[in-house]
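Take a look at the structure below.
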Amino acid sequence: MNLPAWPYPKTIAHRGAGRLAPENTLAAIRHGVSFGYRATEIDVKLSGDGTLLLMHDDTTNRCSDGRGRVAAKTWHQLALLDAGSWHSPAYAGEPIPTYWRVAKYCIENGVQLNTEIKPCIGRERETGAAVALETQALFSDPALAALKPLLSSFSTEALIAARDAAPEFDRAHLFENPLPADWLACCKAVGAIAMDANWRTLTREIVAQAHANGLRVACYTCNDMVDAERLWAWGVDTVITDAVDKIVFTK
Ligand code: G3P
Ligand code: MG
């Protein structure tokens, strides 16, 4: 079966620069860029009052000096938090960024985004639609076609909402470890062009099965060059990595 076009690099930085800088901040993305990375994965969710921002967890507890649920806070409250000190003193004061601000930085600096839609529980549809519509607004200029973001999510519901709001963006369905038996059906349900699996769940056979069904294959979070080489040899299209200092960015 013919495979869909895959205008994404072979390596994508995870959350900006893995663990080398505070995840999902502009500082992290700049750090990834300093190692030559021109593509990054980010986790995007909604504040209580509807602003899209970068944060992995449902709460601010781990990655900021705030406490409580992101969905229970306004953007103004979230914007006042320190999202850097938890990592190291050098990053004290680093703010939680909006998706808009990060995308603007990426556009200016030629960094491609893999925008992971990371909805807080119960906000799957609204987050999927909001990410798709904001991505559409950000990348409407045809001159930005080469930087078109890849949208991904573990949530089938969020991806369906994203597809309905802005079908022009490629979608990848994320899967946890273990890989669920219905992974192909999930990809089909959202019109995904790729499956995006935990790298430990992949085998040569699964990669071949995805390709035979017209799906590209991405995986996360592979931090060892030997493992990455094996995955590429099986035909994996993209490896998402924390190890931006060890695995060379490859277009
Ligand atoms: O998008 C790939 C990867 O980031 C998925 O897992 O939990 O790191 O967001 P997680
Ligand atoms: Mg992620």
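One gets the working numbering by counting positions in the sequence shown from 1 and adding 66 to each.
Ideal Cβ positions, reconstructed from N, Cα and C, are used throughout, including at glycine.
- A149 sits close to S130, with the two beta carbons spaced by under 8 Å.
- A straight-line Cα-Cα distance of about 15 Å links N127 and E160.
- Nearest Cα to T193 within the set W300, L112, H122, P73: L112.
- Look at which beta carbons fall closer than 6 Å to any heavy atom of the ligand MG; those residues are E107, D109, E182.
- In this structure, the alpha-carbon of L245 lies about 20 Å from that of P185.
- Note on the stretch 82-112: whole beta strand (DSSP E) runs with a minimum of 3 residues are 105-112, in chain order.
- DSSP places R135 in no beta strand (DSSP E); its state is neither H nor E.
- Shown here for M67: same chain residues with a beta carbon closer than 8 Å to its own, the five before and five after excluded, namely H277, A278, N279, G280 in chain order.
- Out of V273, T201, S151, the CA that lies nearest to the CA of R167 is found in T201.
- In summary, G82 is buried, with 16 or more beta-carbon neighbours lying within 10 Å of its beta-carbon over all protein chains present.
- A258 and I226 have their C-alpha atoms spaced approximately 10 Å apart.
- In terms of Cα proximity to L69, the closest of Y286, C285, I272, A260 is A260.
- Beta-bridge analysis with DSSP links T307 to A79.
- With contact defined as three or more Cβ pairs closer than 8 Å, the stretch 264-278 and the stretch 206-226 are not in contact.
- When rounded, the separation of the alpha-carbon atoms in P233 and P155 is 42 Å.
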